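All remarks here apply to the structure that follows.
Structural data, given as structure tokens:
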């Protein structure tokens, strides 16, 4: 990064990032800022982190705010990540909820480049084939992310050999994708269930409507305790009665909400709105 990062400049950037995207940087993450923004700042002729913050506040460079948030957002993802949330969906949650509603609505928040919502759509397809007649409800998956870049990639639904290999079995690859020009494209029947929308988790969720299931996995770790409580509370308001919230394997609602009851499953711990 051009020049050494001064403490006051780092503090100003941390404040911008938290206010804009809710992302909380630690006291000594200058190396992370440097690694993610160095090239971008050099290419744009931005001489220091203080200079960058000034331009962000002034709004003098179109698209700069979105580009910076995009660069600082971790987009780590893979197909059927951690396995157990998808197993509990197929074996317990869909059979319980799918019979009681004409439309089953699922929200995949912070969906990154689309692996999670497409995995959910594949799971729905498998469930319908394996248990015919047990899911008559129409299934609609809303996938959101703050990054327009990853959303654009997700909508294209085309993945290279490295991306397709992460968490996806050969059987599922052959079943749900077509190969063309060394890229693997999600089949139309899987894509059809998924709608992508740009959303900052600090903004209102009301335009999304109500859901039966919310996936908010490996996201809350980036927010302060106050923001976690706010996000969880507002997600609870978007759930239909008896709706389910699924978090990441290292995440918990303990100390952040009493609006949910813990569901202890042999497969995967999850939460039901009270």
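Numbering (this note's numbering), first residue to last: 4 to 277.
Even glycine gets a Cβ: it sits at the ideal position worked out from N, Cα and C.
Predicted model, so just to flag it, every value in this text is computed and none were measured.
Any non-hydrogen atom of the ligand HEM closer than 6 Å to residue i Cβ
i: residue 218; result: Judged by which ligands are present, the structure shown has none, so any question about the ligand HEM falls away.
Option nearest residue i by Cα separation, candidates the options
i: residue 139; options: 42, 188, 98 and 199; result: 98
i: residue 234; options: 244, 219 and 243; result: 219
i: residue 202; options: 249, 242, 129 and 72; result: 72
i: residue 1; options: 123, 63 and 103; result: Because residue 1 is not part of the residues shown, which for the chain are 4 to 277, the question remains open.
i: residue 81; options: 114, 69 and 57; result: 114
i: residue 232; options: 204, 10, 125 and 91; result: 204
i: residue 1; options: 135, 214 and 39; result: Lying before the first or after the last residue shown, residue 1 is absent from the chain, which here runs from 4 to 277.
The alpha helix (DSSP H) enclosing residue i, as first and last residue numbers
i: residue 2; result: It is not possible to answer for residue 2, since the shown part of the chain is limited to 4 through 277.
i: residue 144; result: First-last for residue 144: 141-148, but that is the beta strand (DSSP E), not the alpha helix (DSSP H).
i: residue 37; result: 33-46
i: residue 53; result: 52-61
Per-residue burial, residue i [other beta carbons within 10 Å of its own, 16 or more giving buried]
i: residue 246; result: buried
i: residue 88; result: buried
i: residue 282; result: Residue coverage of the chain in this structure runs from 4 to 277, which leaves residue 282 outside it and unanswerable.
i: residue 105; result: exposed
i: residue 260; result: buried
i: residue 118; result: buried
i: residue 101; result: buried
Residue range of the unbroken beta strand (DSSP E) whose run includes residue i
i: residue 215; result: 214-219
i: residue 266; result: 263-266
i: residue 276; result: 273-276
Minimum Cβ-Cβ distance from residue i to chain B less than 7 Å
i: residue 48; result: Included in the structure is just one protein chain, with no chain B present.
Inter-stretch contact at 8 Å, needing at least 3 Cβ pairs: the stretch 40-58 / the stretch 245-264: By the criterion of at least three beta-carbon pairs nearer than 8 Å, the stretch 40-58 is not in contact with the stretch 245-264.
Can we say the stretch 154-170 touches the stretch 211-230, given the rule of at least three CB pairs closer than 8 Å? Because the criterion of three Cβ pairs below 8 Å is not met, the stretch 154-170 and the stretch 211-230 do not touch.
Whole alpha helix (DSSP H) runs in the stretch 156-209 with 4 or more residues, listed along the chain? 164-168, 173-179 and 191-194
Which runs of the alpha helix (DSSP H), 4 residues or longer, sit entirely within the stretch 78-138? Runs of the alpha helix (DSSP H) inside the stretch 78-138: 87-91, 97-100 and 118-133.
Using 8 Å as the threshold, is the stretch 208-218 in touch with the stretch 177-191, meaning 3 or more CB pairs across them? no
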